[in-house]
Amino acid sequence: MIALNLNINSTGDFEKGISRIAKVRGFEISERGKKVNISEGGESVVAERGGEYYIEFSRPSELFRALSMLVGLIQENRTGFNICEKTKTDMCGTMIDCSRGAVMKPLSVIDFMTRMAMMGMDTIMLYTEDIYCLDDYKYFGYLRGRYSDDEIKEICLAAEELKIEVIPCIQTLGHLMKTLRWGYANDMKDDPDVLLIDEEKTYVFIEAMIKKWRTLCKTDKIHIGMDEAEGVGLGEYFNRHGYCDRYEIMLRHVQRVNDIAAKYGFKPMMWSDMFFKIGSKKRDYYDLDAEILPSLSEKIPTDASLVYWDYYHHDVELYRTMLKKHKEFGRNIIFAGGAWLWRGLCPHYDKTFDTTLKALSACDDEQIKSVIATMWGDDGGEVSRYTMLLGLQLFADYSHCDKLNIENTKENFKLCTGYDADAFIALDFDNIPAKKKDALATSKQVFYQDVLLGLFDKNFAEYDLEGYYDGIIDKLGALSNQGDIEYLFEYYRYLAEILKKKCHLGVKIRRAYNANDIDELLKCADVLSELSDDYKEFYKKLCSVWNRENKPFGFEVFEERIGGMLMRFKSCDEKIIKYCRAETERIDELEEEILWYGDENSKGELLSEHFYNNMRVF
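Residues in the sequence shown are numbered from 13 upward in steps of one, following the numbering used here.
This is the structure we're talking about:
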């Protein structure tokens, strides 16, 4: 790429942020460069007139987005352009899950924020259940890769330069299993995952959390969690007090936590699901018949925001209805959609695009001014966050564009980041034409499946997965040269080669065994040996990607999983060889009838099971 020099007339308070963007976006600031005139006020504009370039902005996010787009326009040799945008959100950001194994290094977070700023995003939440240091609670975040105070301050300083607001995203009720397992928490847990409401020790603990974040960041916002606390009031609380109305219990807790937050100058936001589940006879968040009594909803603190999370549905009307039901609470509403990278071994763009376009269309109709793209890391955080940059562009475009359009977003992505949108879409291995739309974990099922047990083999049988993965290999090979993230595409090309080799190996082994085809069985044994070498090489590549982006904590999970696969390859190879040499009369695993994964109704379906433990029989 040709070096690009820009002579930027005046940047004032934005100089440090622009410098960070320059390093990532690939330009230098020089008096000898192309003249860029920047002025503050009015709508966001990026234009070329008479050989000079002009940027107008009213918000920092508009400046950084316009500057990044300008670089793309210059690189494409465009002239006479005049692009006008107007921000329609008060908050547009990303929530990064740092609690499920993959804890991003501070420098990685800063680099990621820089790319967010390039797209025009202005907010980041670090989802940290116990991934920060808590004074007087030394087991909080123990061996989990928690951030030190200095690391969080480093992130916040860089965010300030990029004009990105860092909002703490913690848990003050549920999702605390990893820390509540330690002895210090014995007297303040309702069940293994949920804090004990009305216990004073609980509120001393929560105050320590909130007080800590007050010392680390400048924002007046804090996300206090409150989601999926299914056991509230049913464990130790029940033992002490008997059954009590769970809605009342939770509202009392919310008020206590809100009071603590207010003490330290925070206005809380919280996930909304528990308020709907408790009001639903089916205990279903998305139950459109859920009854929210005004007498109870009025008890939610007036300055609290409700965060509606939904990344599952493909119906605009459902999103619209849920947003309207949220509005009935009379509180500020934030929508949290999904940048899907938490199932399988690859990002899921088909799912991300469809759900996000539907959801943000409803948000537009209902004039929702705050949106967040969640990047969960279920089951260990296997997928690099960088693979989902294109998904974030959708949310950024919602903030800055009148209407969302995939083709426009792909073009904006190229301008803002320099990356090829189609290359990112090609990373979606699990976009397999299937009977079930939410079949999102095929790559992971193939990778971890036991070749003799064949847990998914019956479901896979109807699909030409070898041909599918072969096409992925060819596609990724043609979409190389992705600059500083080319390493990800090399990693995924290698993964596709493994999946092609392994996807139907179990079926081939079983077929040869049933036919007593010794020659074919020996060929399968050779493939097992090759796969053993392939998985060792894959481990090296995964290790490289992980260490580039994340702290080492959490990676031991994948070392154990891959190590287990290697031992199993060796064992299966030995069993097949012994059978072929007539040293054993049978291979017991292959004598079992293979059933549909799920149940008899799963015929011909690819299923969305994505938890490693559920891919094991025991």
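Cβ atoms here follow ideal geometry from the backbone N, Cα and C, with glycine treated the same way.
Asked: Rounded straight-line distance, which links the Cα of N344 to that of W608; Found: 46 Å
Asked: P445, enclosing alpha helix (DSSP H) - first and last residue; Found: That residue, P445, is in no alpha helix (DSSP H); it is neither H nor E in DSSP.
Asked: Contact the stretch 444-451 vs the stretch 367-374: 3+ CB pairs below 8 Å; Found: no
Asked: Outcome for K514 when other beta-carbon atoms lying within 10 angstroms are tallied against a minimum of 16; Found: buried
Asked: Coarse secondary structure for I2, derived from DSSP in three states; Found: Nothing about residue 2 can be read from this structure; the chain reaches only from 13 to 630.
Asked: Exposed unless 16 or more other CB atoms sit within 10 angstroms - verdict on Y157; Found: Note on identity: in this sequence residue 157 is Gly, with Tyr being the wrong assignment. G157 should be labelled buried.
Asked: Member of K426, I599, L507 whose CA lies at the smallest distance from the CA of Q87; Found: K426
Asked: Per-residue DSSP class, three states only, for E509; Found: helix
Asked: Residue nearest to T101 in terms of C-alpha spacing, selected from K590, K381, L602; Found: K381
Asked: Where C375 falls: helix, strand or coil (DSSP); Found: helix
Asked: CB of G153 within 7 Å of CB of D203, strictly; Found: no
Asked: Q405, buried or exposed, once every other Cβ within 10 Å from all chains shown has been counted against 16; Found: buried
Asked: Cβ-Cβ separation, D123 to T191 (assumed contact under 8 Å), whole Å; Found: Going by Cβ atoms, the distance from T191 to D123 rounds to 28 Å, so no, they are not a contact pair.
Asked: Cβ-based neighbour list, G247, same chain, cut-off 6 Å, excluding 5 preceding and 5 following; Found: D202, D203
Asked: Beta-carbon proximity check, I209 vs P280, cutoff 7 Å; Found: no
Asked: Proximity test, Cβ basis, 7 Å: K47 and chain C; Found: This model lacks chain C altogether; it includes just one protein chain.
Asked: Within 7 Å, strictly: CB atoms of E173 and P118; Found: no
Asked: Helix, strand or coil at R61 [DSSP, three-state]; Found: strand
Asked: Alpha carbon of M13 to alpha carbon of N493, nearest angstrom; Found: Per-residue confidence for M13 stands at a pLDDT of 46, beneath the threshold of 50, marking its modelled position as unreliable; no derived number is given.
Asked: C-alpha distance - N19 paired with G45, whole-angstrom precision; Found: 5 Å
Asked: Between the CA atoms of F441 and A171 - distance to the nearest angstrom; Found: 33 Å
Asked: CA-to-CA distance, S396 to Y506, given in whole angstroms; Found: 15 Å
Asked: Own chain residues within Cβ distance below 6 Å of Y503, not counting five before or after; Found: K553, V557
Asked: Cα-Cα separation, L16 to D376; Found: 37 Å
Asked: Contacts around S284, its chain only, beta-carbon distance under 7 Å, and the 5 residues preceding and following it disregarded; Found: L318, V319, Y320, H338
Asked: At least 3 beta-carbon pairs within less than 8 Å: the stretch 538-549 vs the stretch 482-499; Found: no
Asked: Given 8 Å, three or more beta-carbon pairs between the stretch 450-464 and the stretch 427-434; Found: no
Asked: Between the CA atoms of Y624 and D322 - distance to the nearest angstrom; Found: 24 Å
Asked: Whether C584 touches L533 by CB criterion (7 Å); Found: no
Asked: H253 classed as buried or exposed, judged by whether at least 16 other C-beta atoms fall within 10 angstroms; Found: exposed
Asked: Cβ-Cβ separation, L452 to R3 (assumed contact under 8 Å), whole Å; Found: Examination of residue 3 is not possible in this model, given that the chain is present from 13 through 630 alone.
Asked: N-terminal and C-terminal residue of the alpha helix (DSSP H) that G38 is part of; Found: Element bounds for G38: n/a, residue is neither H nor E.
Asked: Alpha-carbon to alpha-carbon, L467 and F581; Found: 16 Å
Asked: Whether K470 touches I346 by CB criterion (7 Å); Found: no
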